[in-house]
Amino acid sequence: MSPERLSMLGDAVFAIAITLLALDITVPEGLRDSEVPHALRELLPAIGAYLLSFAVIGVLWLTQHALFRMIATVDRWLLYLYFALLAVAAALPFPTKLISEYGETAAATACYSGSIALSLGFLGAMYLRLLAAPALAVTGTDPAELRASVRRSALHVLVFVTAIPLAFWSPGLAKYWWLMVIPARALHRAPAPAVPAAAGEERS
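Heads up: take any position in the sequence shown, counting from 1, add 1437, and you land on my numbering.
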């Protein structure tokens, strides 16, 4: 299967996942005027969880597009890793629902942290596969960019993995710990990979 077709499949999966997130935001029917403000306040956790997961899926989608610009050939390991990533992304509405309804519990917070760690880990493993098998990458791909992407992914995974045991001590603190991904991302910010002109002509 070509990288382009795989990327199109990923676009569809991410779009469906985002749509499913929005379906959980509902208001009871038959409310009186005086009950609407209270119902909206009750929706705030669901809206917050939706916005958080929307941002997560958006980052995953942008990252996978940057990754696929570096892939010339897909082998079975890249295929397995990508399908695993899509499986986690498609299931994100479940931990999102958990954290919107049981956000103060350790189990829900740990489940959400684990889901994000898995998705970021699969992305990082795909970068690592390209680094280990340069023949799969577009001609001219800089190994330094791949190494930077692997390090950045590892840092992000570390943030969410360490949030799992932290959630069983303090779910609220574990959520604040997620914010550590911002300085981690800034620390290892790398320029977007560019496809060399020659390689682009060969593939067209």
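Virtual Cβ for every residue (Gly too), placed ideally from N, Cα, C. These numbers were taken from a predicted model, which means no experiment stands behind them.
_Nearest residue (CA-CA) to A1509, options A1547, V1598, I1619, R1442_ = Among A1547, V1598, I1619, R1442, the Cα nearest to that of A1509 belongs to R1442.
*Tell whether a beta-carbon distance below 8 Å holds between A1543 and A1483.*
No, the Cβ-Cβ distance between A1543 and A1483 is not below 8 Å.
*Who are the Cβ neighbours of Y1539 in its own chain at under 6 Å, not counting the five residues just before and after it?*
A distance below 6 Å between beta-carbons, with the five flanking residues on each side excluded, links Y1539 to the following residues of its chain, in chain order: A1545.
*Give a yes or no on whether the C-beta atoms belonging to L1592 and S1556 are separated by under 8 Å.*
Not a contact, by the Cβ cut-off of 8 Å.
*Is L1443 helix, strand or coil when you go by DSSP?*
Three-state DSSP puts L1443 in a helix.
*asked:* Let me confirm a value: E1582 is counted as buried when at least 16 other C-beta atoms fall within 10 Å, else exposed. Which label applies?
replied: Buried is the call here.
*Which residues bound the alpha helix (DSSP H) around T1542?*
For T1542, no alpha helix (DSSP H) segment is defined, and its DSSP state is neither H nor E.
*A1390 by DSSP, collapsed to three states: which one?*
Residue 1390 cannot be examined here, being either before or after the span of the chain that is shown, 1438 to 1641.
*What do you reckon, is the C-beta of Y1549 under 7 Å from a heavy atom of the ligand MN?*
This structure lacks the ligand MN; in fact it carries no ligand of any kind.
*Tell me whether P1508 sits in a helix, a strand or coil according to DSSP, three-state version.*
Going by the sequence as given, residue 1508 is Ile instead of Pro. DSSP places I1508 within a strand segment (E or B) once states are collapsed to three.
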